[in-house]
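Read the structure below first, then the notes.
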Amino acid sequence: MAKHKTHYEDCDVLVVGGGMAGTGATFEARHWGRDMKIICVEKANIDRSGAVAQGLYAINCYMGMQWGENQPEDHVRYARNDLMGMVREDLGYDMARHVDSTVHMFDEWGLPMMKNEKTGRYLREGKWQIMIHGESYKPIVAEAAKKSADKIYNRIMITHLLMDEAQENRVGGAVGFNMRTGDYHVFRSKTVIVAAGGASHIFKPRAVGEGMGRTWYAPWSNGSAYALPIAVGAKMTQMENRIVLCRFKDGYGPVGAYFLHLKTYTQNANGENYEKKWYDQTKELVGEYIDHHPTPTCLRNHAFIQETIAGGGPIHMVTTEAFQDPHLETVGWENFLGMTVGQAVVWASQNIDPKYTNPELTTSEPYVMGSHATCSGAWVSGPEDLSPPEYFWGYNRMLTIDGLFGAGDTVGGSAHKFSSGSFTEGRLAAKAAVKYINDQKAEDIKITDKQCEDFKEAIFKPLETYQVAQNEITGGTVSPSYISPIQGLQRLQRIMDEYVGGIATNYMTNGNMLKRGLELLAWLEEDLEKVGAEDLHQLMRAWELKHRALTSQCVTEHTMFREETRWPGYYYRGDHMKLDDDNWHCLTVSRRDPKTGKFSLEKVPVYHIVDENEKKKAS
Ligand SMILES: Cc1cc2nc3c(=O)[nH]c(=O)nc-3n(C[C@H](O)[C@H](O)[C@H](O)COP(=O)(O)OP(=O)(O)OC[C@H]3O[C@@H](n4cnc5c(N)ncnc54)[C@H](O)[C@@H]3O)c2cc1C
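Sequential numbering from 296 applies to the sequence shown in our numbering.
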């Protein structure tokens, strides 16, 4: 252990992950905590990290309140509808009422925003989206964070949260290692804001072999945002609500601008509107939800998946009409240049010019996120002025661990935040964290050297395991006494894929499959004690895998608990194929006991705050 130098840092606000939410948190923490010590720790480099690393072409969440375009209530109704009723409306409303101010700052900071030439307003792609030239989106928000923080640590992966030894259930910082130097870092902090993004690669991806790693979601998002809080016993919500995306095949290029701005549409191989064909069948499953407008994302996926199973594929996006207009053709291509250049390359390699050939679409493997058209994540307190008692325990966006806050993909129950909403939620969490400190809630935190030393030993163990066990390699990379991170990852992905509703089963699972999946995950957990890492990069892979595995257990437990199919098109419970509002119009909340590793689950009421308030006003 001596060869891994230990660095200690004491601070007030520690932000874990410098993506959209983390940069927002770092920026806002400085606004409220002028004299406080603010540290942001990032696994990559905040200039190009997280889901926005390569840029975006649209900001997907902007109300436009200054022009009366939308109100926060409208956004709550929209998110509620898209998630089949299951959202935390207090969190959604709170984000929506502040998101415009965030976008206006992006504009001031130099993010190139497209404007409607006639009205001078931001150019709308759809009701909620505004268009940007967003290649430099991430460096711009990173600059704001860099100017606000006392220090940004790049290339440090946080592996564990530190817990206060003086007061139960209170956080005291976090630890991790530098992936370049191999040094061990201890951050003792009064508050921690986890903003470490969602989880890709827990389900087996469509792209394997030569295309391995190509997914819709960022491959480096490894579920730390969930694993860190789960490991210390924080409550989680809606972890069953994994997301499946319908995107251009193989490159996963975005379809939003195509549907909304270019007005392209989909059809099956016979040129038919297949969505209509599945209307009656979907109504059987979900009742009136299929008549909602806009059609919930999962139900559109459902029609796609059913049509493909029935032999109607390939499904195409009809681009050949829109691309005859030179302006729309340019927008179509630029859309990829700003965020997914790879899609253009895939088309070139497959001889597809969308002006003359309609490109194919596909549905992705499932991902776990809290900020997109899905809302898995931590169970957090809402804002004082909006939240009913079950949803409020003192500080906005605080998890069920004192002093531990979350934002962006970390936070469950609040879908459709996207990049701007995640940054906004980071701001909200930071404001509350500063208040928590000012209220003297973080006094006398005790972190012993023993706690830090124990984590140090655990963190670097895979290097030791490899060093000893490499002598036993019998052939290639096969050793009788360790597994490599890639071997463990592929085993995890296969369990999730085959038992928990991945692409292998067309997103189908049931109680028996899930039970078996949990058994296999438990054995994997046991074997991950013997994961070996040959260098520091593999050490990162080992810890990413451990975080993915813990996240997967939680997803599986939740999927087992909810005995209905709430989101056909995201996954199916074959033993409970229908949506069941009588028994399951509720949020699911779990807690893993850190001592025993056992999960317990409960139902929590879902309050439809927005329209309830309006009904009350009317009566
Ligand atoms: C493919 C794709 C397309 C999208 N398109 C749009 C769009 O067009 N418009 C839009 O508005 N939004 C879009 N979004 C949504 C938007 O990107 C997310 O909502 C937003 O990035 C979430 O912010 P976050 O901070 O929670 O996660 P991220 O921005 O992903 O940041 C998480 C950060 O945590 C770091 N991290 C992870 N683990 C650790 C660890 N253990 N220790 C330290 N650091 C860690 C990561 O490196 C990363 O920097 C898209 C998302 C995806 C995946």
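Note that the Cβ used here is the ideal one computed from N, Cα and C, for glycine as well.
Inter-residue Cα distance where the pair is residue i and residue j
i           : j           : result
residue 370 : residue 591 : 14 Å
residue 666 : residue 475 : 30 Å
residue 566 : residue 860 : 30 Å
residue 378 : residue 325 : 34 Å
residue 714 : residue 776 : 43 Å
residue 883 : residue 636 : 38 Å
residue 448 : residue 334 : 8 Å
residue 467 : residue 459 : 5 Å
residue 672 : residue 773 : 36 Å
residue 398 : residue 737 : 32 Å
residue 597 : residue 731 : 44 Å
residue 743 : residue 336 : 22 Å
residue 347 : residue 511 : 12 Å
residue 323 : residue 400 : 12 Å
residue 735 : residue 678 : 19 Å
residue 319 : residue 703 : 10 Å
residue 381 : residue 684 : 18 Å
residue 790 : residue 632 : 36 Å
residue 571 : residue 877 : 27 Å
residue 338 : residue 606 : 43 Å
residue 832 : residue 451 : 11 Å
residue 903 : residue 384 : 7 Å
residue 430 : residue 630 : 10 Å
residue 440 : residue 745 : 33 Å
residue 352 : residue 464 : 42 Å
residue 768 : residue 298 : 25 Å
residue 332 : residue 582 : 53 Å
residue 306 : residue 750 : 19 Å
residue 889 : residue 779 : 26 Å
residue 728 : residue 708 : 20 Å
Contacts around residue i, its chain only, beta-carbon distance under 7 Å, and the 5 residues preceding and following it disregarded
i           : result
residue 557 : 617, 623, 626 and 627
residue 757 : 826, 827, 828, 834 and 837
residue 585 : 574, 577, 578 and 594
residue 539 : 596, 658, 659, 661, 802, 864 and 865
residue 568 : 562
residue 847 : 497, 787, 791 and 816
residue 872 : 580 and 860
According to DSSP, residues forming a beta bridge with residue i
i           : result
residue 353 : 426
residue 322 : Note: residue 322 sits in no beta bridge, so no partner.
residue 784 : Residue 784 pairs with nothing; no bridge assigned.
residue 887 : 894
residue 333 : 308
residue 481 : 303 and 470
residue 868 : 804
residue 594 : Residue 594 is not bridged to any residue.
residue 774 : 777
residue 399 : DSSP, once it has assigned bridges, lists no residue as partnering residue 399.
residue 881 : 900
Same chain, Cβ closer than 8 Å to residue i, five either side skipped, listed in chain order
i           : result
residue 587 : 376
residue 619 : 650
Cβ neighbours of residue i in the same chain (closer than 6 Å, five flanking residues each side left out)
i           : result
residue 517 : 839, 842 and 843
residue 472 : 479 and 754
residue 546 : 637, 638 and 641
residue 481 : 303, 470 and 747
residue 280 : Outside the shown range of the chain (296 to 914) lies residue 280, about which nothing can therefore be said.
residue 784 : 840
residue 686 : 385 and 677
residue 443 : 321, 322 and 325
Ordered list of alpha helix (DSSP H) runs contained in the stretch 614 to 662, each at least 4 residues: 621 to 632 and 636 to 644
Suppose only complete runs of 4+ residues qualify. What are the alpha helix (DSSP H) ranges in the stretch 507 to 587, listed by chain order? 519 to 526, 551 to 555, 569 to 572 and 574 to 581
Enumerated in chain order, which unbroken segments of the alpha helix (DSSP H) with a length of 4 residues or greater are wholly contained in the stretch 401 to 473? 432 to 443
Please go through the stretch 690 to 734 and give each complete beta strand (DSSP E) segment of 3 or more residues, from N-terminal end onward. 699 to 701
Evaluate the contact criterion for the stretch 718 to 728 versus the stretch 390 to 406: three or more CB pairs, one atom per stretch, below 8 Å. yes
Specify whether the stretch 339 to 356 and the stretch 433 to 445 touch according to this definition: at least 3 beta carbon pairs, one from each stretch, less than 8 Å apart. yes
At a cut of 8 Å, does the stretch 639 to 649 reach the stretch 357 to 367 through at least three beta carbon pairs? no
Taking 8 Å as the threshold, find out whether the stretch 810 to 824 comes into contact with the stretch 522 to 532 through three or more Cβ pairs. no
Counting pairs of Cβ atoms below 8 Å between the stretch 651 to 662 and the stretch 681 to 692, do you hit three or more? no
Within the chosen definition, does the stretch 847 to 861 reach the stretch 532 to 540 through at least 3 CB pairs nearer than 8 Å? yes
So, does the stretch 487 to 497 touch the stretch 696 to 703, judging by three or more C-beta pairs under 8 Å? yes
If contact is defined by three or more beta carbon pairs under 8 Å, each pair taking one atom from either stretch, is the stretch 494 to 504 in contact with the stretch 861 to 873? no
Run through the stretch 806 to 847 for me and flag every whole alpha helix (DSSP H) of 4 or more residues, listed as ranges in chain order. 806 to 823
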